[in-house]
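All remarks here apply to the structure that follows.
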Amino acid sequence: MKLLRLLCILLLAGSSPLWAQQRSVSGTVTTEEDGALPGVNILLKGTSTGTVTDIDGNFRMNIPNNDAILVFSAVGYTTEEVEVGNQTEIDLLLLPDIQSLSEVVVVGYGTQNKENLTGSVETIDADRITKQPVMQTSQALMGTAPGVTVLQNSSQPGSDGGTIRIRGTGTLGNSNPLVLIDGVPGDMNGVDPRDIANISVLKDAASASIYGSRAANGVILITTKRGKEGGFSVNYSGYGGWQTPTNFPKYLDGYGYLVNYNLARENLGQDPLYSQEYIDAWQANHATDPDHYPNTDWVDELFTKPGFQQSHHLSLSGGGENARVLGSLSFMDQDGNIPNYNFKRYQGRINTDITVSDKVGFNFDLNVRRSVRQQPEANLQEVTRQAYRIPPIFAAQYSDGSWGPGWNGQNPLASVMEGGFNNEDYNYVRGILKAHYKPISGLEIATMYAPEYNDYFQKAFNRQYQVYNFDTKELEYNYPDRNSLSQRNNRDLTHNFNATATYEKDLGRHFIKGLVGYELITFRYDYFTAYRDNFPLQDYPQLNVGSQDNMQNGGSAYDWGLQSYFARINYDYDGKYLLEANVRRDGSSRFAEGNKYGIFPSVSAGWRISEENFLAGVDFITNLKIRASWGQLGNQQLVDQSNNPIIYPFASTITLGQDFLFGGTPYSGAAQTALANKEISWETTETTNFGLDLGLFANRFTLSAEYYIRNTRDILLQLPVPMTIGLESPFQNAGKVRNQGWDLALGWQDEVGSFNYNVNLNVSDVKNEVTDLLGAGPFINGNSIIQEGDPINAIYGYQSSGYFQTQEEVDNSPAQFGALAPGDIKYVNQLTEDTNGDGIPDQADAVINADDRIVIGNPFPRLTYGLNMGAGYKGFDLTIFIQGVGKRDVYLQGDAIWAFQNAGKIQEWHQDYWTPENPNASHPRLVATTSHNNYETSDFWVWNAAYTRLRNLTFGYTFPQTMMDDIFVDRLRIYFSGQNLLTLDDMAPGWDPETPNNTTGGLYPITKVFTFGVDLTF
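According to mature numbering (1 follows the signal peptide of the UniProt record, and there is no 0), the sequence shown holds residues -20 to -1, 1 to 998 in order.
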């Protein structure tokens, strides 16, 4: 007891000096205009102890001693450190952080301060990109920028990148944006997201016209990271996780199939296919004798794997005043949920900067990449469609390990396990050599040469597998009927060269910056393929082993070039009035003489109202700018219906292998198969854009709003020609399309003590309309249509009007398709006859036929939005990303949605089928047939694909620096991330709302992904 009392006395004595030194300090924080600044964070350096200024900018806090250092910070202002000493009051003036208010934005062939932009440019920094651990860079763009739509309709390994559209679809052909990586055209998904410094999206003609004929669909500029001056640092970033499908259609078991299939036959006046004795035997024995009474869940059998994926990235960065380097290595490995699907990517990058003097500098970059895709030879679409089709009463695999018959020998599980392989190897290398020279102040001359080489090799072996009778062990099927091997190799080489001269001059209130440049791009493509079948040795799939009877080979080659001259001038008066003009002249080998060259100009202007004297006393307005732009862009990227490039659309097509008779003897030769048109030229897109930028409270609150009209004319179409010509029609400049829409972005960021947070919302909408087809059309392709007054590829079919409820109603209605009965879908009889000769239909006829089809949906997303929220507190960080689409229609058909299609199975929701007692059912009466009135293309099968999705949630923790110093680590962060965790939608049961339009069920589903990761720097 005495010892404890002594220890207490000593403890109190030792701590008394600390009590004696502890005291309080107070003060006021103001801005440069002597205004009070609320919300300033004040921390005791080296601790998490702190306070925040009140609404009048005042603060008071305790400090341990006179050696204390206070750190003052606020969003949009410079951070200041103050040594307290003997002071009891500290009044501090915080200055605006010029760097944060004057963000540098990458634009075409250069950079600009964001505050001086007059075009429409969205920027996405590295932090926003890497917050989501995604396998493909295009996924990181989802919902991050207004006007940028990304649809991901598959999670197949290596093919899970999104389709990107900038302000909608503006042409009938290729609508992909131009992607440049460090100034060179490239594949966005070929870049590891952790190598990216920032992304700029050029949305209007003013910002994109510097790229001329390649920029009609918008431009995405990706800038990779570079070494920084200082000591070398090493960073490792890696994660691993699992993926599972977000949704699957749910099917009835064997009993449900047997009973309902008999009912569906009875509804057509047919005898039941399955006897009651068999149904009773199935019920009694399926659990104990699955070989004779199968109850196969084909979807579950096919999607058996958890789909492990991992990604690792290692980088080294640093250098001195004269040389800096960044090198990185990365590896990505992605398994599918279906067996034998895998994708791997290996990548290396070196970015080097060399400063010879204050006038001369060089950059040398090298990027190498190898991608390997391994998958079964069986077509993925067919494999998944069969899994959605084959009834549960057929066995996938017997208890002795042999394969079940599946669908007449087509067993999707056997196909992916033993049906061969389809392997793809893709090798890529690109170098960039840049030289910079500054002969005088303000003038910089730069050149760049960037060769790029791609090599693609594919080897696909279609291997036979056998299906035996389980009881007799006799061979029932060899599938396919013969094995075969095909090999393909294509390679291409691109040379990119440009030279620019940039001059800028500051003349007090006047600032002028000009750019002139020249660019030359050449491209060469070579292709070769070979085929053999009937391999006697299936374990040795080499071409020379196959039979020579049906051997085939083929090849092709093409090249093209683009030569360009371009210029830009920027004028800034007193930081208030901004003007920019661009022009580019492109010459393309894709067009004939006289039409090779096109000129693409733009002009834009801006007024920074916040810099005017009449707003000088309005402290809370940091930035207020209005801007407007106009410009023209071009498009030379033509594709055919299979999305293959058309290189020489002005030339006639000569096809080899055409047979001719001379003297009664057939000879093989060449013949013209398509007409020529030397007069075709560029598609031209003209865009007008109006914008407003607002920043309040030192840019803690930001707003950007834009309205635009984009008209595309001279769209290249193959207009019909008389059949008597006997040749395919040529391309002509014929179509016109209008996109009209708006973009809105709102943001708020702030700090409160040790807590920081940010909220960013973006919303956009675009209306697409075909405005002119020069009297041609409509162009109908199955269940889609291109016609004046409607969106491109609108969904085309019949308008439904509920069900026939009685036979009397059937008898008194216009004839439809086949034998009708109550419970069948009733279609609207449209006005199709013109009785008064005014050219406008005013009366319906007595039959429902192809003339009654109308536009019943729009498959393109409208009213897209993204909500990004982030917060941090004492090392913990949380980001939540919600993304969605407000308007979109999807037509489903076939095995995806119809009961018993192709004698297939039935989904659970189909049980809500029409009967006299259930007149308002979700599904029409059950019928067991492939072709039926109910399966015509109609709005009955068009689904609302609008959705709201929790696209990503990431929770992380960064360890305190004091803990890391002991183990020589600069930074250590661990995190958990989930993708596609929750979706709210009204889509068809079991189908994801991002399912592509017109699907029949053959697709790889969207997946949820759960990952754990680490980020380490030392």
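We put the CB at the ideal spot given by N, CA and C, even for glycine.
All values reported here derive from a predicted model rather than from experimental measurement.
Range covered by the beta strand (DSSP E) that runs through residue i
| i | result |
| --- | --- |
| Q810 | From DSSP, Q810 is part of no beta strand (DSSP E); its letter is neither H nor E. |
| D260 | Where D260 is concerned, there is no enclosing beta strand (DSSP E), although the alpha helix (DSSP H) it sits in stretches over Q256 to N265. |
| M531 | S527 to Y553 |
| P581 | Y577 to R588 |
| G611 | I601 to N615 |
| G30 | G30 to V32 |
| Y433 | L423 to N442 |
| I777 | Note that residue 777 is Gly in the sequence shown, not Ile. Segment A774 to G777, the beta strand (DSSP E) holding G777. |
| Y737 | F735 to D752 |
| L983 | Careful: L983 lies outside any beta strand (DSSP E) and carries neither H nor E. |
| R245 | Note, R245: premise wrong, no beta strand (DSSP E); alpha helix (DSSP H) at G234 to E246. |
| D105 | V101 to D105 |
| V9 | R3 to T10 |
Cβ pair residue i, residue j closer than 8 Å
| i | j | result |
| --- | --- | --- |
| S135 | P973 | no |
| D639 | S648 | yes |
| N403 | Q354 | yes |
| N391 | G381 | no |
| L952 | M944 | yes |
| W587 | Y553 | no |
| Y507 | G535 | yes |
| V907 | N247 | yes |
| G207 | L131 | no |
| S466 | T98 | no |
Neighbour-count burial assignment, residue i, 16 or more Cβ in a 10 Å radius
| i | result |
| --- | --- |
| R40 | exposed |
| Q887 | buried |
| V989 | buried |
| Q377 | buried |
| P516 | exposed |
| H490 | exposed |
| K806 | buried |
| A171 | The amino acid occupying residue 171 in the given sequence is Val; Ala does not appear at that position. V171 should be labelled buried. |
| S584 | buried |
| N763 | buried |
| Q863 | buried |
| F52 | buried |
| S527 | exposed |
| A54 | buried |
| L75 | exposed |
| K493 | buried |
| G981 | buried |
| A830 | exposed |
| E499 | buried |
Residue i: first and last residue of the uninterrupted alpha helix (DSSP H) it sits in
| i | result |
| --- | --- |
| W278 | W278 to L282 |
| V20 | Neither: V20 is in no alpha helix (DSSP H) and is coded neither H nor E. |
| L843 | First-last for L843: R842 to Y853, but that is the beta strand (DSSP E), not the alpha helix (DSSP H). |
| D566 | Not the alpha helix (DSSP H): D566 falls in the beta strand (DSSP E), residues Y557 to S568. |
| F497 | In the sequence as presented, Phe is not what sits at residue 497; that position holds Gly. From DSSP, G497 is part of no alpha helix (DSSP H) but of the beta strand (DSSP E) over H490 to D513. |
| E362 | L360 to R369 |
| M397 | P392 to E398 |
| Q941 | Q941 to D945 |
| V790 | Q787 to D791 |
Per DSSP, the bridge partner or partners of residue i
| i | result |
| --- | --- |
| N449 | Beta-bridge pairing links N449 to no other residue. |
| I223 | The displayed chain sequence assigns Gln, not Ile, to residue 223. Its beta-bridge partners are V989. |
| L690 | Here residue 690 turns out to be Arg, not Leu, going by the sequence shown. Per DSSP, T667 and N719. |
| N624 | In DSSP, N624 forms no bridge with anything. |
| N932 | F861 and Q959 |
| E731 | N736 |
| I705 | In the DSSP output, where bridge partners are listed per residue, I705 has none listed. |
Note to self: Which complete beta strand (DSSP E) runs does the region 110 to 190 hold, if anything under 3 residues is left out?
What the structure shows: The region 110 to 190 contains, as complete beta strand (DSSP E) runs of 3+ residues, the segments 128 to 131, 143 to 146, 158 to 161 and 176 to 182 (chain order).
Check: Which runs of the beta strand (DSSP E) spanning at least 3 residues fall entirely within the region 272 to 351, listed in chain order?
Finding: Runs of the beta strand (DSSP E) inside the region 272 to 351: 288 to 299, 303 to 315 and 322 to 335.
Notebook entry, point to check: Mind pulling the beta strand (DSSP E) runs of 3 or more residues that sit fully within the region 458 to 487?
Noted result: The qualifying runs are 464 to 487.
Next item on the list: Go through the region 41 to 86 residue by residue and report every complete run of the alpha helix (DSSP H) that reaches 4 residues or more, in order.
Entry: The DSSP assignment places 78 to 81 as complete runs of the alpha helix (DSSP H) inside the region 41 to 86, in order along the chain (cut-off: 4 residues).
Item checked: Segments assigned beta strand (DSSP E), at least 3 residues, entirely inside the region 888 to 935 -> Every unbroken stretch of the beta strand (DSSP E) spanning 3 or more residues and falling wholly within the region 888 to 935 is given here in chain order: 922 to 924.
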